[in-house]
Structure formats: structure tokens, C-alpha cells
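Using my numbering, count along the sequence shown one by one with no gaps and you end on 287.
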Amino acid sequence: CEMFPNYTAVLKDAIAQGKDLTGLCIKNQNISNVVFQGTTLYNAVFENCNFHKVEFIECQADSVWFNRCNLDGLKVKKTNLSKAQIHKCSISKAHFTRSNLNDSLIFDSNLHLAVFLKTQLNNVGFDNCNLEKAKFEECSLAEAGFYNLSPTYQWINDVLFSNCILNDCDLSSLKSLSMLFIRESNIEDAELQDQNFTRVINTYTKVLYAIESDTVWWEDFRGNFEQFKDMVENDTMENGTKYYLDDFLYDELSKVVYYLEQWHNEQTIIAQNTLSINKCE
């Protein structure tokens with residue numbers, strides 16, 4: 007690739023002039039306060055660069071490669087980053103909005119507190135990444151994959167999927183889903199380890215329960231069944247937070263508690279009977 011001059015001012019001037027930066031290659035540079043606005047960056051390479059306060063807005067950056075870069079706080083808006091390769095980068099607190107990262111690979115990178123809003127992430131591989139407290143809101147993650155060899159699940163703790171499409175999204179490395187926040191997302195259609203779900207939809211409430219993970223999700227509540235039951239009965243979370251359920255919510259959630267208790271008992275009996283039959287055979 008062709009090396010670009012070693013100063014930010016010239017880069018800003020090239021962007022202002024609308025120059026095509028296809029094949030741009032920048033290494034070992036401090037690229038700060040640069041706004042790539044409407045820039046073409048096909049096959050661009052950024053290696054060991056610092057992107058402090060950098061923004062990509064309405065750019066075409068297919069097949070771009072970031073290697074060992076500091077992308078903390080990066081802002082990406084209405085930008086095509088499909089087939090991107092992001093390797094060993096820090097992307098903490100980055101924001102991706104209305105962008106396209108389809109068919110990209112992000113590996114060995116830190117995405118702590120990263121936010122993805124209305125972004126296409128189909129067939130994206132998150133390989134050995136830290137995604138703790140990352141948020142995916144109104145995103146499509148069909149056939150995406152989350153892989154990590156860590157013996158703990160801290161790397162995906164408190165990740166939020168809100169109004170997301172999760173068809174065939176590979177979360178099969180997770181033995182439990184209790185570390186996730188799920189809101190209005192079709193987690194049932196993801197690739198999972200032996201998980202059964204029930205949804206209870208009423209006029210004012212929508213509750214999702216994963217029996218094997220013993221996890222209930224309702225609005226911003228996440229906890230096991232007993233915690234959910236206690237929250238409804240006492241109107242209070244374990245940390246003392248008050249929910250102030252009105253009569254309509256309390257009535258519906260009380261019925262949900264009863265239903266889930268019955269459903270849980272039935273599923274347990276079915277599982278025990280199946281185990282007994284298998285032993286007899």
C-alpha cells in the first residue's frame with residue numbers, strides 16, 4: 007500500500023478536497039481530531055495509530071483494516087465498514103450509529119462500553135474480544151458469532167441486546183444467559199446451548215424466561231425466578247431499588263409469577279421423566 011504523508015494537517019486537507027483515499031496506508035501515527043466526512047477509504051490500512059476524537063461520517067470504507075490501533079471513543083455514523091478487519095484494537099466507548107459492518111471480523115479487541123445503534127452486524131465475528139457492558143440496540147446480528155476461550159464470562163457480562171435481530175447468532179459458547187440483558191430481541195432464534203424459553207405477553211408487560219439459565223427479563227429487570235418473584239411481591243430489588251409498580255403492573259406480573267412457577271414445575275417433571283426413561287433404556 008502507498009504510504010501517506012506523516013502529518014494530520016495534510017490528511018485533513020485531502021479529506022476537505024474530497025480526495026479518494028482508496029488504499030491509504032498509515033502506520034505509527036497520532037491521528038487526532040480528524041473527521042472523515044464522505045470519504046472513500048476502500049482497502050485502507052491503519053496500523054499502530056491513535057484515533058483520538060476521530061469520526062467517520064457517511065464514508066465508504068469497505069475492507070478497511072485496523073491493526074493495533076487505539077480507537078477508544080471512536081464515532082462512526084452512516085458509514086460502510088463491511089468486510090472490515092479489526093485486530094488487537096482498543097475500541098472502548100466507541101459509538102457506531104446507522105452503519106454497516108456486515109461480514110467483518112473483530113478479534114483480540116476491547117469493546118468495553120461500546121455502543122452499536124441501528125447498525126448492520128450480520129455475519130460479524132467477535133473473536134476473543136472483551137464486550138463487557140457493550141450495548142446493541144436495534145441492530146441486526148443474524149449469523150454473527152461471539153467466541154471466547156476465557157473460562158469465565160466476564161468478557162460478555164452485562165451486554166445488552168435491545169430490539170435486535172438474532173437469527174442464527176452464535177452464542178453457543180455460553181452455558182448460561184444470566185449475564186446478558188435481553189429486551190425485545192429474538193434470543194430464541196440464536197444458536198444456544200440447550201435453552202428453553204417462554205414468553206408471557208400481556209397488555210402492559212412482556213416477560214421472557216429462560217428455564218435452563220433460570221433468568222427472567224422484564225424491562226430493565228434481570229434476575230433469577232426467585233428474585234423476580236421477590237421483586238413483584240415486595241416491589242423492591244435486592245439492592246433496595248424501588249419499582250413502584252402500579253396496580254395494573256402488579257396484577258399482571260403477579261399472574262406471570264404464578265404462570266412461570268407452574269411452567270417451571272412442569273418442565274422440571276418432564277426433564278426428570280426423560281432422565282428416568284433414558285436410564286431404564
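Ideal placement from N, C-alpha and C gives every residue a C-beta, glycine not left out.
If you pair each beta-carbon of the stretch 221-230 with each one of the stretch 165-180, do three or more pairs fall below 8 Å? Here the stretch 221-230 does not lie against the stretch 165-180, with fewer than 3 beta-carbon pairs under 8 Å apart.
Going by DSSP in three states, valine 82 sits in which element: helix, strand or coil? In this structure, valine 82 counts as strand in the three-state DSSP scheme.
Can you say whether valine 16 is buried or exposed, counting buried as having 16 or more other CB atoms within 10 angstroms of its CB? With fewer than 16 Cβ atoms within 10 Å of its Cβ, valine 16 is classed as exposed.
Quick check on leucine 123: does DSSP put it in helix, strand or coil? Here leucine 123 sits in strand by DSSP.
Using a threshold of 9 Å, state whether the C-beta atoms of alanine 148 and asparagine 169 are closer than that. Their beta carbons are not under 9 Å apart, which means alanine 148 does not touch asparagine 169 by this criterion.
Please classify tyrosine 264 as buried or exposed, where buried requires at least 16 neighbouring CB atoms within 10 angstroms. By the neighbour-count rule (16 or more Cβ atoms within 10 Å), tyrosine 264 is not buried but exposed.
Where serine 88 and glutamine 66 are concerned, what is the direct C-alpha to C-alpha distance, given to the nearest angstrom? Rounded to the nearest angstrom, the two C-alpha atoms are 9 Å apart.
Terminal residues of the continuous alpha helix (DSSP H) containing glutamate 190? In the DSSP annotation of this structure, glutamate 190 is not part of any alpha helix (DSSP H), being labelled neither H nor E.
Cβ-Cβ separation, aspartate 220 to phenylalanine 231 (assumed contact under 8 Å), whole Å: Yes, they are in contact, since the Cβ atoms of phenylalanine 231 and aspartate 220 sit about 6 Å apart, within 8 Å.
Indicate the three-state DSSP secondary structure (helix, strand or coil) for asparagine 240 in the structure shown. DSSP places asparagine 240 in helix when its eight states are reduced to three.
So what's aspartate 19 in DSSP terms, helix, strand or just coil? Three-state result, aspartate 19: helix.
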